[in-house]
């Protein structure tokens, strides 16, 4: 699926002499994808919502443009690769929608001739969690799991990251995306980074960067490929949206630390994916009306199956995920307790179009000072039309 | 005028095998247009303004970037066409200007091999009114008529639309744009759609979609082409900007229904265009300080003439339009009574540049809780420099 | 350095028949550049900051995306050139970052066949000051000097500008950029313009445009090229951000007038650049808590040296600049007294990557109603990674 290749393609590119390409349109590539959603069918509880997942869940939701991406990228010299991805489904204020805002804007400087050692500058995904790294273009469930995704809003931050992977593994990372196996792209076998820590498109709010590290290796065993991984980060986070009357720590600053383990069996044809993380961070306490430093934990398991029928692809899947902790980037570091089961199928009639239908059985407690007792449960059918261009 | 072709060109494209185009720049096309305006010459009343038309009318207006468009589009497979058009003259708050915001972001899925039957997903023009469908790049008067344009701010909304047109008529729709006859593009002979109803780039605000339908047919009579059309929509609209103290219906929700008739005689060389619509919607009542459910009506007639002189094109035109009703998407569903006569010319010295000068004789009453008695009249010269790229 | 050519390349382009280019990607060009910064090393005073220069200076600053540009441009016909440059490191509100906002959106209409006489419509740089005209992609110090840059926030405004330069000089302007000599691009030998005057991306706020004129001529003397220039503008400026209790003139409106002299010796290999300007404008007076009409003055001198070593370029430089006056576009027309010495080097290991390290010795007094006594001094090391694509 050539439309889905991203950073992974750097390996073959870099081996060609970049100077031979003289025209801008040979050096710069443009592609993108979009997701149009509707979540209101078979809905049993319109107060069941998820701010981070999809703002059109529940009451007053309707047709929704979840993502609208244009990706400008290119290996512009033997040593420099760039990747700029604005999202045109972004809002500065939650009510004036569909402005263009950066997701990725990063620049990979190769430290050796094969670009096995790279420094990445700019805003990019923080290497924490396989599902976080994996593009939404490739993910089967409509939204990322709360457990690991609560670590970093929009999965990204601004900083400097070091990545290392041997050439052979870089080619394997590339293959795992280009073959349709729904890989994460190339975030290195080893990663080490320093970044602001207030998450994507936000100002740094203290004087210390966050530090992250990750180790992940795709192992070929016969025809099958598995990828175990571990990762951790630490830093200090400043809660920025606090309701009047809520107590918080000095400077609204909290320890922000997590560690996670990941396991992936790529779907040939049966796929399995599981991640789990523990840590500490800010979390609203309803009883005391205080944002406290608390522990958190969460994860998921996803099983999938790749079916090819008449040149069309089907990916039936089931995922269970849970999370118990705060969401630091939401109002009052909103407290969460989530248990969710999703059963669905992705259907790709041709490579430019994908339809996901997914039945969600959910139990979500999410509470802040404005909604102090808010334990919601219910079921709904969610539909996504994805277009790859 | 090849620079102005948009959805209309899909017909010839779709008949070629898309797979033969292997490079991204052969599959994706980029074009655009921009409008720079100045409205302050020969102005007799600086309190005569029009928020929806052009924010630089009247007091403190100056040079103004009315539209700045980039269009990314392409028939990326036999069955899928995409069209993404950000406008870089948009503002999230009315004072920080020239941010990039989506106008169109739609995806046409062909249901048959000729794409005569299509489903359109995403944000696109709601098929209501010929002048609303017609691109501003092609329209003669600087702004759309208040009568029909008051139906949908920015003419667009997010939803799913079904379009049908036979191949021969799709080619005729394409010709009406590419030939410079200022057609509407291909919004089908028959259209049926469901959309959020709060207008472009706004959140849905209730649990029911709007429904729209349209029938429009370009008929060739000798050398002349006429296009009669009818259309209607209905739904419930939630007024979102209400001044303190103003009374409104429960949940600020109102019936929003309209029906319109359209007639076009394309300018070969004499052109005639007329539309009229009636309906009901929210409207501010000054006497009671209440937003009421009221009836509305309005329309226009436009006469034009196409002159070719020394490879240059001239389109002298005159338009009269009027509107009596509310504008649901403005503060307090502002009440309007508009009568306006415009006399002007579009001059195209070469295909990339157009100059419109237009003398406007206007009478506009527009009142909300902040400006309860506001009946303005006056004349002014309006100038637009349009660049097609 | 072909990646850095902008308006300057129009001369050779325009002499080719534009009609021969039939594909969009031959007519429209895309390039860009990005700047990632870190300012916190060797910092002696975290209260030393500069809002206009770089919002990540000082306390709570971190990694920062200073500029992220995409440039769409092209000579789309013999008489029309367009240049659209959004910046994706812009914020509508200072806290939701990295939205795409226009810097340049201009359209050059040639009045003669050689385009020696041009009218420029839209938003573009106001021809006032060499360093203001010079692209940040080419400038050696990280930020522009306060003295001349305080004239126009983001260097740009919306209006109509007339430019004249003979063909030979247009080619020289082009050479001064393409050769890596860090020229300003082609803003004419003579410039005359009318523009709104409230600076880039802001609404006009009164009924009079600003007027600007400039004369600048690059003179070849043997191998060396010098460029002396003079420029001036006048208008009325409306201060828009005023703290409660601060006194201002009626309608918050002030005379806004400046005149400047510029001198450039291009670095072959030794370069010298100096500018100075005087004028009048609004300025906050701490003693009286009033925004007053006061005089202002400021300028800079920059010495540089171009070194080529093993195909790599080095530009060691030193700049001293000072400013005494208000910044009309900041809160309360904040009063400034700036003295700053910068010593640094730009290193270009290959054309797509530049690293600037710069040690800054600074004394900045900047005061408004919220910070009435605020005289800061200190030193710091500033680092910029620039990527040209």
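Protein chains in written order, with this note's numbering: chain A, 7 to 395; chain B, 7 to 395; chain C, 7 to 395. We put the beta carbon where it would ideally sit given N, CA and C, even for glycine.
Along chain A, which residues have their Cβ under 7 Å away from the Cβ of residue 66 (chain C)?
Along the third chain, read from residue 1 onward, the residue named residue 66 (chain C) stands at position 60. Result: 210, 211, 212, 213.
Can the beta-carbon of residue 191 (chain C) be found closer than 8 Å to that of residue 247 (chain C)?
Counted from its first residue, the third chain places residue 191 (chain C) at position 185. Counted from its first residue, the third chain places residue 247 (chain C) at position 241. No, the pair does not count as a contact, with Cβ atoms beyond the cut-off.
Can you list, in chain order, the residues of the segment 93-119 of chain C whose Cβ is nearer than 8 Å to any Cβ on chain B?
96, 98, 99, 105, 106, 107, 108, 111, 113, 115
Along the segment 351-371 of chain B, where does the CB come closer than 8 Å to a CB of chain C? Name the residues.
Sequence-ordered contacts of the segment 351-371 of chain B with chain C read 356, 357, 358, 359 [C-beta pairs closer than 8 Å].
Suppose only complete runs of 3+ residues qualify. What are the beta strand (DSSP E) ranges in the segment 298-348 of chain B, listed by chain order?
313-315, 318-332
Does the beta-carbon distance from residue 276 (chain C) to residue 311 (chain C) come in below 8 Å?
Counting from 1 along the third chain, the entry for residue 276 (chain C) is found at position 270. Counting from 1 along the third chain, the entry for residue 311 (chain C) is found at position 305. Closer than 8 Å, so yes.
Determine, using beta-carbon pairs with one atom in the segment 371-385 of chain C and one in the segment 49-59 of chain A, whether at least three such pairs fall under 8 Å.
no
Backbone CA spacing between residue 331 (chain A) and residue 216 (chain C) [nearest angstrom]:
Here residue 331 (chain A) refers to the residue found at position 325 of the first chain. Here residue 216 (chain C) refers to the residue found at position 210 of the third chain. About 56 Å.
Between the Cα of residue 293 (chain C) and the Cα atoms of C:87, C:286, C:284, C:253, which residue gives the shortest distance?
The residue labelled residue 293 (chain C) in the question sits at position 287 within the third chain. The option with the nearest alpha carbon to residue 293 (chain C) is C:253.
Just checking, does the segment 161-175 of chain B make contact with the segment 321-339 of chain B on the three C-beta pairs under 8 Å criterion?
Contact fails: fewer than three Cβ-Cβ distances are below 8 Å.
Locate the alpha helix (DSSP H) running through residue 130 (chain B), then write down its first and last residues.
The residue labelled residue 130 (chain B) in the question sits at position 124 within the second chain. Taken as a continuous stretch (DSSP letters only), residue 130 (chain B) belongs to no alpha helix (DSSP H), being part of the beta strand (DSSP E) at 123-131.
Which chain A residues sit within Cβ distance under 8 Å of residue 386 (chain C)?
One-based indexing of the third chain puts residue 386 (chain C) at position 380. The premise fails here: residue 386 (chain C) is roughly 13 Å from chain A at the closest Cβ pair, so nothing lies under 8 Å.
In this structure, does DSSP put residue 100 (chain A) in helix, strand or coil?
Taking the first chain and counting its residues from 1, the one referred to as residue 100 (chain A) is at position 94. It is coil, neither helix nor strand.
For the segment 35-49 of chain C, list every residue whose C-beta sits within 9 Å of some C-beta in chain A, in sequence order.
35, 36, 37, 38, 40, 42, 44, 46
Contact with chain A by residue 13 (chain B), beta-carbon distance below 8 Å
Position 7 of the second chain, counting from 1, holds the residue named residue 13 (chain B). No answer about residue 13 (chain B) holds up, because its pLDDT of 43 lies below 50 and its placement is not dependable.
Rounded separation between residue 116 (chain A) and residue 354 (chain C) - CA only:
Looking up residue 116 (chain A) in the first chain gives position 110. Looking up residue 354 (chain C) in the third chain gives position 348. In this structure, the straight-line span from the alpha carbon of residue 116 (chain A) to that of residue 354 (chain C) is close to 15 Å.
Who are the neighbours of residue 87 (chain B) on chain C, taking C-beta pairs under 9 Å?
Within the second chain, the letter at position 81 stands for residue 87 (chain B). Ordered by position in chain C, no residue passes the 9 Å Cβ test against residue 87 (chain B), which lies about 16 Å from the chain.
May I have the straight-line CA-CA distance separating residue 53 (chain A) from residue 382 (chain A), to the nearest angstrom?
Counting from one through the first chain, the residue named residue 53 (chain A) turns up at place 47. Counting from one through the first chain, the residue named residue 382 (chain A) turns up at place 376. Looking at the two C-alpha atoms, the distance is approximately 7 Å.
Report the partner residues of residue 386 (chain A) according to the DSSP bridge assignment.
What you label residue 386 (chain A) is simply residue 380 of the first chain in a count that begins at 1. Looking at the DSSP output, residue 386 (chain A) bridges to A:366.
Would you decide whether residue 17 (chain B) is buried or exposed? Buried here means 16 or more other CB atoms lie within 10 Å of its CB.
Here residue 17 (chain B) refers to the residue found at position 11 of the second chain. Annotation note: pLDDT 40 at residue 17 (chain B) (below 50); position unreliable, coordinate value reported separately. Buried, by the Cβ-count rule.
Provide the residue span of the alpha helix (DSSP H) that contains residue 152 (chain B), from first to last.
In the second chain, residue 152 (chain B) corresponds to position 146, counting from 1. For residue 152 (chain B), the uninterrupted alpha helix (DSSP H) run begins and ends at 152-155, by DSSP.
Cβ-Cβ distance between residue 66 (chain C) and residue 211 (chain A) below 8 Å:
The residue you call residue 66 (chain C) lines up with position 60 of the third chain. The residue you call residue 211 (chain A) lines up with position 205 of the first chain. In contact: residue 66 (chain C) and residue 211 (chain A) (Cβ atoms closer than 8 Å).
Can you list the residues of chain A that residue 81 (chain B) reaches, using a CB-CB cut of under 9 Å?
The residue given as residue 81 (chain B) occupies position 75 in the second chain. Those within 9 Å of residue 81 (chain B) in chain A number zero; the least Cβ separation is about 10 Å.
So if I threshold CB-CB distances at 9 Å, which residues from the segment 187-204 of chain A count as touching chain C?
200, 201, 202, 203, 204
Could you tell me if residue 262 (chain B) is buried or exposed, where buried requires 16 or more neighbouring beta carbons within 10 angstroms of its beta carbon?
Taking the second chain and counting its residues from 1, the one referred to as residue 262 (chain B) is at position 256. Answer is buried; the Cβ neighbour count reaches 16.
By alpha-carbon positions, which one of A:393, A:112, A:315 ends up nearest to residue 74 (chain C)?
Translated into the one-based positions of the third chain, residue 74 (chain C) becomes position 68. Minimum Cα distance to residue 74 (chain C) is reached at A:112.
Please report how far the alpha carbon of residue 201 (chain C) lies from the alpha carbon of residue 148 (chain B), in whole angstroms.
Residue numbering aside, residue 201 (chain C) sits at position 195 when the third chain is read from its first letter. Residue numbering aside, residue 148 (chain B) sits at position 142 when the second chain is read from its first letter. Those two C-alpha atoms are separated by around 21 Å.
What is the DSSP secondary structure of residue 283 (chain C), counted as helix, strand or coil?
Working through the third chain from its first residue, we reach residue 283 (chain C) at position 277. It is a strand residue.
On the CB-based measure, 16 or more other CB atoms within 10 Å of its CB, does residue 231 (chain A) come out buried or exposed?
Numbered from 1 along the first chain, position 225 holds the residue referred to as residue 231 (chain A). With 16 or more Cβ atoms within 10 Å of its Cβ, residue 231 (chain A) is classed as buried.
For residue 208 (chain B), count neighbouring C-beta atoms within 10 Å of its own C-beta (all shown protein chains included) and say buried if the count is 16 or more, exposed if not.
Sequence index remark: in the second chain, residue 208 (chain B) carries index 202 (1-based). Per the 10 Å Cβ criterion, buried.
Counting contacts by CB-CB distance shorter than 8 Å, is residue 128 (chain B) in contact with chain A?
In the second chain, residue 128 (chain B) corresponds to position 122, counting from 1. Yes, contact with chain A.
Taking a cut of 8 Å between CB atoms, which residues from the segment 160-174 of chain B lie near chain A?
164, 165, 166
With a cut-off of 8 Å, do at least 3 Cβ pairs link the segment 125-144 of chain C to the segment 160-167 of chain C?
Contact holds: three or more Cβ-Cβ distances are below 8 Å.
If you measure from the beta carbon of residue 444 (chain B) to each beta carbon in chain C, is any gap under 8 Å?
Absent from the structure is residue 444 (chain B), since the part of chain B shown begins at 7 and ends at 395.
Could you tell me whether any Cβ in chain B is nearer than 8 Å to the Cβ of residue 272 (chain C)?
Numbered from its first residue, the third chain carries residue 272 (chain C) at position 266. Cβ-Cβ to chain B under 8 Å: no for residue 272 (chain C).
Counting only beta-carbon atoms, is residue 391 (chain C) nearer than 8 Å to chain A?
The residue you call residue 391 (chain C) lines up with position 385 of the third chain. Taking Cβ atoms only, chain A reaches closer than 8 Å to residue 391 (chain C), which makes this a yes.
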